[in-house]
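Engineer: Read left to right, the sequence shown gives residues 0 to 90 (numbering that gives the first Met the number 0). No residue lacks a Cβ here, since even glycine has one placed at the ideal position from N, Cα and C.
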Amino acid sequence: MAYGRTPAEERDWAEKERQQSARFYNTDLFPVLVAHHGNWDIYRNANGYCAAIPTEHGAAIGCRASHFGDMAHLRTVPDLDYVNNHEEKGA
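And the structure:
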């Protein structure tokens, strides 16, 4: 039992956490696709903040959406696959 939770409670907690992440980090709030990175696509909003949103495969294996810094942070991330040679690459 993790943190004193039963397996069923642990599954419920994980599902609630996944739903909460999706409420804050989604393509409605972060509409511009910037890059791909492993099991995540990196999106940005109008203020330049980024979110890592799981690909279909990533979501299927349990990856969750999360904050991913800002456009300046992307300069420090190796192996990003920028979409359409995104003009804001690392800007």
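For Gly-89, count neighbouring C-beta atoms within 10 Å of its own C-beta (all shown protein chains included) and say buried if the count is 16 or more, exposed if not.
Structural biologist: As a first step, residue 89 must be located in the sequence shown, where it is residue number 90. Unreliable positioning characterises Gly-89 in this predicted model, as indicated by a pLDDT of 47, which lies under 50. A coordinate reading is not provided.
Engineer: Report yes if the CB atom of Ser-20 is closer than 8 Å to the CB atom of Arg-63, and no otherwise.
Structural biologist: Position 21 of the sequence shown, counted from the first residue, corresponds to residue 20. Position 64 of the sequence shown, counted from the first residue, corresponds to residue 63. Taking 8 Å as the Cβ cut-off, Ser-20 and Arg-63 qualify as a contacting pair.
Engineer: Does the region 33-45 come within contact of the region 74-83, defined as at least 3 CB pairs closer than 8 Å?
Structural biologist: yes
Engineer: Near Gly-57, which residues of its chain fall below 8 Å by C-beta distance, leaving aside the five closest residues on each side in sequence?
Structural biologist: For this step, residue 57 is matched to residue 58 along the sequence shown. The answer, listed in chain order, is Gly-37, Asn-38, Trp-39.
Engineer: Among Ser-65, Ala-59, Pro-6, which has the Cα closest to the Cα of Thr-26?
Structural biologist: Reading the sequence shown from its first residue, position 27 is the one you call residue 26. The shortest Cα separation from Thr-26 among Ser-65, Ala-59, Pro-6 belongs to Ser-65.
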